[in-house]
Amino acid sequence: CTSVVAEDTSGKLLHARNLDFGLFLGWDVKNSTWMISELLKPLVVNVNFQRNNKTVFVSTGFAGYVGMLTGMKPGILTLTMNERFSLDGGYIGVLEWILGIRQGAWMSFLTRSVLENATSYEEAKTLLSKTVLLAPAYFILGGNQSGEGCVITRSRQSCLDIWELDIQKGKWYVLETNYDHWKPPLPIDNRRDPAMKCMNRTTQKNISIATIYDMLSTKPVLNKLTTYTTVMSVSENKLEGYLRDCPDPCMPW
Amino acid sequence: AQDVPPYTEDCRSGTYPPSGPTYRGDVSWYTVNLDQPPSDRWRKIISDKKQPLTAMMQHIKDLTKYIFHTEKLIDLVDTKLPGLVGKLPPPFDEEIKGIADESGLPLGEVMLFNIFYEIFTV
Numbered sequence: 526c527t528s529v530v531a532e533d534t535s536g537k538l539l540h541a542r543n544l545d546f547g548l549f550l551g552w553d554v555k556n557s558t559w560m561i562s563e564l565l566k567p568l569v570v571n572v573n574f575q576r577n578n579k580t581v582f583v584s585t586g587f588a589g590y591v592g593m594l595t596g597m598k599p600g601i602l603t604l605t606m607n608e609r610f611s612l613d614g615g616y617i618g619v620l621e622w623i624l625g626i627r628q629g630a631w632m633s634f635l636t637r638s639v640l641e642n643a644t645s646y647e648e649a650k651t652l653l654s655k656t657v658l659l660a661p662a663y664f665i666l667g668g669n670q671s672g673e674g675c676v677i678t679r680s681r682q683s684c685l686d687i688w689e690l691d692i693q694k695g696k697w698y699v700l701e702t703n704y705d706h707w708k709p710p711l712p713i714d715n716r717r718d719p720a721m722k723c724m725n726r727t728t729q730k731n732i733s734i735a736t737i738y739d740m741l742s743t744k745p746v747l748n749k750l751t752t753y754t755t756v757m758s759v760s761e762n763k764l765e766g767y768l769r770d771c772p773d774p775c776m777p778w
Numbered sequence: 006a007q008d009v010p011p012y013t014e015d016c017r018s019g020t021y022p023p024s025g026p027t028y029r030g031d032v033s034w035y036t037v038n039l040d041q042p043p044s045d046r047w048r049k050i051i052s053d054k055k056q057p058l059t060a061m062m063q064h065i066k067d068l069t070k071y072i073f074h075t076e077k078l079i080d081l082v083d084t085k086l087p088g089l090v091g092k093l094p095p096p097f098d099e100e101i102k103g104i105a106d107e108s109g110l111p112l113g114e115v116m117l118f119n120i121f122y123e124i125f126t127v
């Protein structure tokens with residue numbers, strides 16, 4: 526996955542992501558596609574969650590999956606999550622949960638609760654950084670004011686890092702793939718540098734939904750695992766989801 | 006960076022509004038009414054997506070059989086996981102039961118789909 530929160534020169538925040546999933550879960554030699562990625566694409570839906578006929582939040586997700594991986598609370602915040610790999614992984618959390626040790630939260634239920642109930646960026650940031658989890662994760666959070674964008678790196682028990690926008694220091698975007706931002710990514714899976722190269726070439730002056738979509742359409746940021754691209758603007762109350770393909774030649778991940 | 010042309014490429018431009026071979030289509034919109042009982046909220050979506058959901062679950066089962074050469078794991082999911090659905094925090098327990106009911110899929114398999122993130126970190 527690749528998630529990015531960017532602030533343009535007018536202080537408007539944009540949040541976008543590629544949802545990549547299905548690695549090693551079956552390769553279709555004939556079509557040179559990942560089977561799960563192809564099976565997930567027909568399940569992708571945008572959902573408008575309403576209460577008293579008013580929108581509480583909107584999301585892009587998979588039909589049948591009640592947790593949230595991508596969402597926006599209109600006028601308040603935007604949230605995506607990317608997978609984080611760790612030896613102290615979710616399978617340990619699941620085992621503990623099955624054995625009755627149930628302090629930890631299921632990751633996607635936490636993101637759903639934050640989208641449904643949080644009333645501010647700061648409240649969401651606190652919930653996402655302090656709630657004990659069953660599995661490690663990256664939460665990428667955008668707010669509704671200048672400077673409100675961050676990547677929260679989580680282990681199961683604690684928050685390892687919060688990497689924030691810092692416009693004064695020229696940090697006008699934060700971009701997360703699936704590696705701790707203070708460490709180099711796996712050389713054979715370096716989607717971070719190509720993505721950052723495109724963001725830097727775009728420059729803050731020209732960042733927009735269109736140019737962020739360009740970056741997310743550039744291989745290997747776009748790859749065989751990419752099921753959908755979603756772009757969000759909290760100030761324009763806009764969430765757009767697009768199903769993706771990556772015809773050969775294209776990186777498998 | 007990962008620079009393996011033609012599998013990687015220089016920064017694209019002009020890809021928006023989306024079109025061409027990397028764009029398969031817009032994602033369709035649905036509404037979920039949170040005033041409804043949790044078990045009813047997803048009925049419309051699931052009745053539209055029953056077939057692809059069933060196909061995806063079947064693939065996961067086929068893959069499990071292929072990797073582990075046994076159906077025991079699937080039996081475990083179908084017989085043991087339903088007993089744990091009630092341990093999930095509300096409203097997710099009831100929403101998952103409603104999805105299983107509407108799709109006709111075994112409750113344990115719908116639960117597995119919803120906790121796949123934690124499981125997949127294996």
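Quick mapping for you: the protein sequence lines, in order, are chains A and B.
So the first sequence is residues 526 to 778, counted in this note's numbering.
So the second sequence is residues 6 to 127, counted in this note's numbering.
A virtual CB, placed ideally from N, CA and C, is assigned to each residue, including glycine.
{"Item": "Identity of the residue in A:697, A:696 and A:715 nearest residue 704 of chain A by Cα", "Value": "A:715"}
{"Item": "Opening and closing residue of the beta strand (DSSP E) in which residue 698 of chain A lies", "Value": "698-701"}
{"Item": "7 Å CB neighbourhood of residue 76 of chain B in its chain, flanking five on each side removed", "Value": "70"}
{"Item": "Residues from the region 673-698 of chain A in contact with chain B, defined by Cβ distance under 8 Å", "Value": "none"}
{"Item": "Other residues of its chain near residue 737 of chain A: CB distance less than 7 Å, five sequence neighbours each side excluded", "Value": "529, 531, 539, 541 and 756"}
{"Item": "Within 8 Å of chain A by C-beta, residues of the region 75-90 of chain B in sequence order", "Value": "89"}
{"Item": "Separation of residue 656 of chain A from residue 642 of chain A, as counted between CA atoms", "Value": "14 Å"}
{"Item": "Neighbour list for residue 767 of chain A in chain B, Cβ cutoff strictly below 7 Å", "Value": "23, 28, 31 and 32"}
{"Item": "Residue 675 of chain A - partner residues in DSSP beta bridges", "Value": "A:666 and A:689"}
{"Item": "Distance between residue 35 of chain B and residue 574 of chain A (C-alpha atoms, nearest Å)", "Value": "9 Å"}
{"Item": "Under the three-state DSSP convention, the category residue 642 of chain A falls into", "Value": "helix"}
{"Item": "is_contact[residue 526 of chain A, chain B] using C-beta, thresh 7 Å", "Value": "no"}
{"Item": "Contact check, residue 746 of chain A vs residue 719 of chain A, beta carbons under 7 Å", "Value": "yes"}
{"Item": "Buried or exposed (CB count within 10 angstroms, at least 16 for buried), residue 713 of chain A", "Value": "exposed"}
{"Item": "Local Cβ density within 10 Å of residue 119 of chain B, reported as buried at 16 or more and exposed below that", "Value": "buried"}
{"Item": "CB contact check: residue 542 of chain A to chain B, cutoff 7 Å", "Value": "no"}
{"Item": "Proximity below 7 Å, CB of residue 599 of chain A to CB of residue 585 of chain A", "Value": "no"}
{"Item": "Minimum Cβ-Cβ distance from residue 48 of chain B to chain A less than 7 Å", "Value": "no"}
{"Item": "Inter-residue Cα distance where the pair is residue 677 of chain A and residue 684 of chain A", "Value": "7 Å"}
{"Item": "In chain order, each alpha helix (DSSP H) run of at least 4 residues that lies wholly inside the region 586-635 of chain A", "Value": "615-623"}
{"Item": "For residue 84 of chain B, the three-state DSSP class (helix, strand or coil)", "Value": "helix"}
{"Item": "Residue 770 of chain A, buried or exposed, once every other Cβ within 10 Å from all chains shown has been counted against 16", "Value": "buried"}
{"Item": "Residues near residue 763 of chain A in its chain [Cβ-Cβ closer than 7 Å; skip 5 each side]", "Value": "757"}
{"Item": "Residue 21 of chain B - DSSP class collapsed to helix/strand/coil", "Value": "coil"}
{"Item": "Three-state secondary structure (DSSP) of residue 727 of chain A", "Value": "helix"}
{"Item": "Contact the region 638-653 of chain A vs the region 587-601 of chain A: 3+ CB pairs below 8 Å", "Value": "yes"}
{"Item": "Neighbourhood of residue 671 of chain A by C-beta distance below 7 Å, restricted to the same chain and skipping five residues each side", "Value": "532, 536 and 692"}
{"Item": "C-beta atoms of residue 660 of chain A and residue 615 of chain A nearer than 7 Å", "Value": "yes"}
{"Item": "Rounded separation between residue 112 of chain B and residue 544 of chain A - CA only", "Value": "26 Å"}
{"Item": "Residue of A:694, A:640, A:627 and A:604 minimising C-alpha distance to residue 663 of chain A", "Value": "A:604"}
{"Item": "Assigned exposure category for residue 9 of chain B - 16 Cβ within 10 Å defines buried", "Value": "exposed"}
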